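If you're matching them up, the sequences are chains D and G in order. Per the UniProt record's numbering: the first sequence ends with 132, consecutive numbering throughout. Per the UniProt record's numbering: the second sequence ends with 132, consecutive numbering throughout. This report refers to the structure that appears directly beneath it.
Number of protein chains: 2
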Amino acid sequence: MESNAALVGRWRSLLTCYNTVACDLDRALQESHGLSMSEFETLDRIVDADCEKRRMQEIAADMYLSQSALSRTVARLEKGGLVKRGLCESDRRGVFVEITEDGRHRHAEARETHLKVLATHLATTPDLTPVS
Amino acid sequence: MESNAALVGRWRSLLTCYNTVACDLDRALQESHGLSMSEFETLDRIVDADCEKRRMQEIAADMYLSQSALSRTVARLEKGGLVKRGLCESDRRGVFVEITEDGRHRHAEARETHLKVLATHLATTPDLTPVS
DNA sequence: GGACAGTACATGCACATGCATCAAATGTCG
DNA sequence: CGACATTTGATGCATGTGCATGTACTGTCC
């Protein structure tokens, strides 16, 4: 079991790396665009799936946020006018989320900052997507 | 700039990887040993530097926690009897943190769980320590 | 149709965190 | 010595998060 030390080492490096980047990112997005990291990431997922509207569930599925956290994040975005929630006709439990024009603009601007920060931190970082 | 997609991909994988492991780790440590992840990591740093006592500052230095978060984490650990705070004679602003016997035991037990969870998640993960 | 399990999202609550600030101690410069 | 800046750790406050639960709706089985 001499690999335990290596295992812990990898874990600590992951911890440090994540926190460094996340902290920087959050600060940069907040200062330059008034967006938290979670807010930006949420917008980003919505823009990515370019189908105008998206259900909460789908967004949550490819994010790290819990269902309740996402709900509140979307609420904040809506309050800021970056996103609109609408009922889903086919399944009235569901909620569609749609970006507004303001949302698109802010996202596009923030994306620059986002990429810049990532580039300074993750230039030499490997992909961690699980193989399975 | 076609590498932007790759950059974002790496970031998202980091985000997902970190959150998955951290969430699992937190849950496992909490359920089996009544420790949060931050609490365990703090204990871990103290045990690692095997010099009986350590100043807050030194602990904070190789952790991801902010100064205030560490202060409260240590407060929680002390309340649980896993750690003792003592004044530093040479610089009376400083505070020494010392593990108790209970602390050592809990840490040793929790370490098993910790390693187990890490092994299931980070078996094939590379080290992320910055080269610089 | 009617009862009941399951699903989708919102919300009350407890809590850990970061920021700003505070008090106490130390260091520095005259 | 005396005044002021700096450092160390604690704390008030605002906020974002997860868990558990609530509410509304759907699906299933009788």
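Where is the CB? At the ideal position from N, CA and C, for every residue including glycine. None of the values given here were measured: they were computed from a predicted structure.
Chain G residues whose Cβ lies nearer than 9 Å to that of residue i
i	result
D:A69	Those do not exist, as D:A69 stays about 11 Å from chain G at its closest Cβ, beyond 9 Å.
Range covered by the alpha helix (DSSP H) that runs through residue i
i	result
G:E31	S3 to H33
D:G103	E101 to L122
D:S71	Q67 to K79
Contacts of residue i in chain D (Cβ-Cβ under 9 Å)
i	result
G:L29	Near G:L29 there are no residues of chain D at all, since even the closest Cβ is about 13 Å away, more than 9 Å.
Where residue i meets chain G, residues with beta-carbon distance less than 7 Å
i	result
D:L122	L7, R10 and W11
Simplified DSSP state of residue i, which is helix, strand or coil
i	result
G:E39	helix
D:L87	strand
D:R45	helix
G:S132	The predicted position of G:S132 is uncertain, since its pLDDT is 44 and thus under 50; a value taken from the coordinates is nonetheless stated next. If DSSP states are grouped into helix, strand and coil, G:S132 belongs with coil.
Chain D contact residues for residue i, given Cβ-Cβ distances below 7 Å
i	result
G:L35	Here the premise fails: no neighbours, minimum Cβ distance about 16 Å.
Beta strand (DSSP E) segment containing residue i, residue limits
i	result
G:R54	K53 to R55
Residue i to residue j span [Cα, whole Å]
i	j	result
D:L82	D:E109	13 Å
G:A28	D:E101	43 Å
G:G80	G:V95	18 Å
G:Q67	G:S38	13 Å
D:V74	G:G86	46 Å
G:H33	D:E41	33 Å
G:Y18	G:R93	35 Å
D:A60	D:C88	17 Å
G:Y64	D:R45	27 Å
G:I99	G:Q57	16 Å
G:R12	D:R76	22 Å
D:L14	D:D91	40 Å
D:K84	D:G103	9 Å
G:T113	D:D26	31 Å
residue 133 of chain D	G:R111	Chain D is shown only over 1 to 132; residue 133 of chain D falls outside these bounds and no answer can be derived.
G:V47	D:E78	47 Å
D:R106	D:L115	14 Å
D:A6	G:H121	13 Å
D:V97	D:D24	28 Å
Within chain G, the residues that residue i reaches when beta carbons sit closer than 8 Å
i	result
D:A119	L7
Contacts of residue i in chain D (Cβ-Cβ under 8 Å)
i	result
G:L87	In chain order: nothing, as chain D lies at least about 30 Å away.
Contact with chain D by residue i, beta-carbon distance below 9 Å
i	result
G:L43	no
G:L77	no
G:L115	yes
Cβ of residue i within 9 Å of any chain G Cβ
i	result
D:V21	yes
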